[in-house]
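Numbering-wise (our numbering), the sequence shown opens with residue 357 and increments by one. By construction, the Cβ of each residue, glycine as well, lies at the ideal position given by its N, Cα and C atoms.
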Amino acid sequence: MLPSACNLVLSAVRLLPRTSWSPGCVWCPCRNISIKPGGLKPKTVPSRYLGQPSPFTHPHLIKHGEVTPGLSQTEYELRRHKLASLIEAQADRLGASASSSNHVVIVLSYPTRYMTNDIPYPFHQNQDFLYLSGFLEPDSALVLYGKGRPDQAILFVPRRDPGRELWDGPRSGKDGAASLTGIERVHSTEELGVVLKSLKGTLLWYDSSQPAHPRLHKVHVSPVLEVGPVPRSVRPLIHSLKAFKSSAEVALMQEAGRITAQAFRRTMALSHGDVDEAVLFAKFDFENRIQGANFLAYPPVVAGGNRANTLHYINNNQIIKDGEMVLLDGGCEYFGYVSDVTRTWPVNGKFSPAQAELYEAVLEVQHSCLSLCYPGISLEHIYNTMLALLGQKLRKLGIIKASTSDADVLKAARRYCPHHVGHYLGMDIHDTPELSRSQPLQPGMVITIEPGLYISEDNEQAPERFCGMGVRIEDDVVIQDKGGPLILSSDTPKTIADVERACAQR
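What follows is the structure, encoded as structure tokens:
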């Protein structure tokens with residue numbers, strides 16, 4: 357999906373040296389904190405349905421000791437300790453009084469949202485809350501607290517209610533939430549305000565400008581803010597942690613990439629002349645889900661012909677004519693982690709000479725940009741390289757004159773590719789949006805690389821054979837310390853030969 361980049365986030369990232377690993381321990385890079393797997397002594401999960409998958413109800417998905425598929429109680433505990441370390445370091449910078457303060461961190465879940473009176477939208481959790489707790493139910497909250505260092509956790513969850521559960525499904529309750537997440541202190545959500553007042557926080561960390569859960573904010577948090585100190589934003593600190601993916605997170609994103617690649621292959625195979633965009637949309641959605649995805653990560657772009665030049669075209673309701681290309685920008689969510697891939701191909705299965713010419717130009721630029729995905733290089737640097745390379749291609753294709761000055765070539769490149777080269781990726785499509793794209797990439801970061809060229813049908817400067825074409829090629833990339841970039845979407849057909857071969861598998 358196209359990218360649409362704060363000093364606090366940058367300083368937080370700088371506090372995170374590269375992770376060290378030791379056999380048998382998971383290390384927190386903030387203060388050399390280690391958590392031994394098994395040290396949390398997981399409790400037995402209740403033998404009943406909870407408000408989310410558990411080892412009892414979903415043994416095919418989740419193992420004992422995991423909170424969500426692939427992610428253990430230890431990993432979530434480590435994240436909370438990392439955040440506590442960042443807050444401790446920030447407080448040290450603020451002076452002696454701040455460093456000895458009673459810190460209280462508040463992170464709210466999302467509420468259930470409704471499309472009509474009593475028909476809810478499928479619930480999607482606040483990713484910051486999910487990142488720290490693994491808890492998937494609405495109307496919940498996580499509080500971290502401690503003197504000098506907020507490393508104690510309290511989870512607040514909806515009370516068991518047979519009347520509501522009859523309509524909405526089972527709830528985990530305090531016992532289920534404690535055993536599943538490994539957080540020992542669990543209260544009902546109704547107790548949030550009382551507990552917050554009892555903690556007597558002198559330094560609050562909470563995002564009050566846009567509360568994740570307006571009702572919980574108004575009823576439980578706002579009264580504390582009215583008599584307490586002005587809160588400091590915790591979101592940039594959480595996002596600085598989310599920018600670095602663990603091996604378990606990368607494994608989930610690899611699976612999301614594999615699923616999406618198969619969905620692209622089978623959608624390409626269904627393509628034919630005069631196909632409805634809605635049919636390709638439905639096929640792509642179906643194949644992602646049938647391969648194991650929870651759902652699509654965002655409304656996909658399925659844009660035939662000239663509609664590919666509308667960057668966020670999501671109507672997906674017109675006929676793609678024989679001889680036209682389709683641009684499909686789509687991805688899936690797999691247990692909290694997403695993919696974001698774009699391919700462009702001729703629906704009749706064969707590139708015309710002009711289509712192949714434009715496509716190869718974008719593909720060569722993308723290959724060059726992928727070769728820059730190493731630690732120390734920034735997305736902004738890759739973007740500037742992309743513009744320079746696209747400018748060269750525009751000259752070579754005759755879209756701009758060979759005599760065009762270098763400055764005007766860059767202006768043309770921005771005009772024919774009006775979006776950035778990529779963005780950070782993880783639990784969100786545009787993950788950690790407050791992290792600057794000028795920040796040097798580091799091992800564990802995941803980004804997209806997505807150059808494109810868009811030539812509308814009413815363009816009077818470009819050669820007629822290219823008019824009405826839009827091409828974008830996007831892959832998901834893990835920055836690695838060794839071995840070069842890891843392309844999560846590498847199984848998605850990309851060369852002209854591979855794309856045509858996929859289209860022929862009918």
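Spatial distance of residue i from residue j (CA atoms)
i    : j    : result
W701 : I615 : 19 Å
P819 : L417 : 53 Å
Q836 : G800 : 6 Å
R645 : R449 : 48 Å
A625 : V657 : 18 Å
Y642 : A858 : Note that residue 642 corresponds to Phe in the displayed sequence, not to Tyr. Straight-line Cα distance between these residues: approximately 18 Å.
G538 : E493 : 16 Å
L593 : D563 : 11 Å
K438 : F651 : 30 Å
S453 : M742 : 48 Å
C384 : D787 : For C384, the predicted model reports a pLDDT of 42, less than 50, meaning its position is unreliable; a value from the coordinates is still stated below. Their backbone Cα atoms lie some 21 Å apart in a straight line.
P415 : P425 : 10 Å
E659 : D685 : A small correction: the amino acid at residue 659 is Ala; Glu does not occupy that position in the sequence shown. About 9 Å.
G782 : L797 : 15 Å
W377 : L683 : Since pLDDT at W377 reaches only 34, below the 50 mark, its modelled position is unreliable, and the value read off the structure follows with that caveat. Approximately 42 Å between the Cα atoms of the pair.
T468 : G525 : 13 Å
D847 : E605 : 19 Å
P478 : Q408 : 13 Å
I462 : E790 : 19 Å
N665 : D762 : 25 Å
H689 : N815 : Residue identity differs from the one stated: residue 689 is Glu in this sequence, not His. Rounded to the nearest angstrom, the two C-alpha atoms are 37 Å apart.
C386 : L442 : Summary for C386: the model assigns pLDDT 48, below 50, so the residue's position carries little reliability, and this model does not support an answer.
K503 : T623 : 55 Å
P849 : F620 : 8 Å
S410 : S428 : 12 Å
L667 : T558 : 47 Å
T430 : T413 : 21 Å
E540 : A534 : 6 Å
V369 : I843 : Interpretation of V369 is limited by its pLDDT of 48, a score under 50 that renders its predicted location unreliable; no figure is taken from the coordinates.
Q795 : L735 : 8 Å
A607 : V833 : 13 Å
Proximity to residue i [Cα-Cα], best of the options
i    : options                   : result
A712 : L417, I594, R828 and G538 : R828
A308 : L450, A440 and I675       : Here the chain comprises residues numbered 357 to 862, so residue 308 is not present and cannot be evaluated.
K706 : R645, P518 and T851       : T851
L498 : P796, S846 and R436       : R436
G732 : S453, A440, P841 and R571 : P841
F691 : A717, V718 and G648       : G648
D630 : H595, K677, S489 and G660 : K677
V627 : E856, I805 and P526       : With the sequence shown as reference, residue 627 is identified as Ser, and Val is not the correct amino acid for it. Checking every option, the nearest Cα to that of S627 belongs to E856.
P506 : H480, A445 and Y477       : A445
R793 : P478, S724 and S596       : S596
Y501 : S489, N482 and K556       : K556
S457 : P587, L636 and V542       : P587
P570 : L464, I475 and L636       : L464
R771 : L728, C729, Q817 and Q795 : Q817
L511 : L488, R520, P518 and G519 : L488
Q481 : S496, L406, D474 and S708 : S496
A653 : G687, P774 and R699       : G687
S727 : G584, H775 and G839       : G839
P709 : C729, M681, Q722 and H723 : M681
Close Cβ partners of residue i (< 6 Å) along its chain, the five nearest in sequence each way excluded
i    : result
S544 : R515
H576 : L548 and G549
Y432 : V423 and G490
K530 : V542
V590 : V461 and W561
Beta-carbon proximity list for residue i, same chain, < 8 Å, skipping 5 on both sides
i    : result
A758 : R751
L714 : L753, L809, I811, F822, M825 and V827
L766 : L743, A744 and G747
D764 : I756
Q508 : L500, Y501, G502 and R541
Inter-residue CB distance, residue i and residue j (contact presumed, cutoff 8 Å)
i    : j    : result
L522 : S528 : With 8 Å as the limit, L522 and S528 do not qualify as a contact, their Cβ atoms being about 16 Å apart.
D854 : S845 : The pair is not a contact, with the Cβ atoms about 13 Å apart (cut-off 8 Å).
H779 : I756 : That belief does not hold up - the Cβ atoms of H779 and I756 are roughly 27 Å apart, past 8 Å.
I785 : M357 : 5 Å
M609 : K598 : M609 to K598, Cβ: 12 Å. No contact.
L406 : G584 : Wrong, their Cβ atoms sit about 34 Å apart, outside the cutoff.
Other residues of its chain near residue i: CB distance less than 7 Å, five sequence neighbours each side excluded
i    : result
C725 : I738, T741, M742, V777, I805 and P807
Q861 : A625
N704 : H628, G629, D678 and G679
A769 : L743, L746, G747 and L750
Minimum Cβ-Cβ distance from residue i to chain C less than 7 Å
i    : result
D847 : Chain labels in this structure do not include chain C; a single protein chain is all it has.
Three-pair Cβ contact test at 8 Å for the region 544-558 versus the region 421-432: no
How about the region 743-755 and the region 710-727: do they share at least three Cβ pairs that are nearer than 8 Å? yes
Quick test of the definition: if touching needs 3 or more C-beta pairs under 8 Å, does the region 402-412 touch the region 574-586? no
Can at least three beta-carbon pairs, one atom from the region 678-698 and one from the region 602-621, be found at a separation below 8 Å? yes
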